[in-house]
């Protein structure tokens, strides 16, 4: 955890890390953590509305 109390996402797999960097370069999100929070939230709301995820 950083001094501000915000945890940082740690990725130990180089391939996954490279994929996340590529995703972040193509989006407006400032961090992998922000991207994942938004994705999980969207998916959660979709499931609540009855949509099946791929």
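In this note's numbering, the protein residues as written are 314 to 367. Quick reminder that beta carbons are idealized off the backbone N, C-alpha and C, glycines included. Just so you know, these numbers come straight off a predicted model, no measurement behind them.
Reference residue i, options the options, closest by Cα
i	options	result
residue 349	365, 334, 363, 362	334
Beta-carbon proximity of residue i to residue j, cut-off 8 Å
i	j	result
residue 353	residue 342	no
residue 337	residue 345	yes
Spatial distance of residue i from residue j (CA atoms)
i	j	result
residue 326	residue 355	25 Å
residue 314	residue 328	Residue placement at residue 314 is poorly supported in this model, since its pLDDT is 38, which falls under 50; the coordinates still yield a value, given next. Distance between the alpha carbons of residue 314 and residue 328: 24 Å.
residue 316	residue 347	Only weak support exists for where residue 316 lies, its pLDDT of 46 falling under 50; the value from the coordinates is given anyway. Their Cα atoms are separated by approximately 18 Å.
residue 365	residue 331	29 Å
residue 339	residue 367	22 Å
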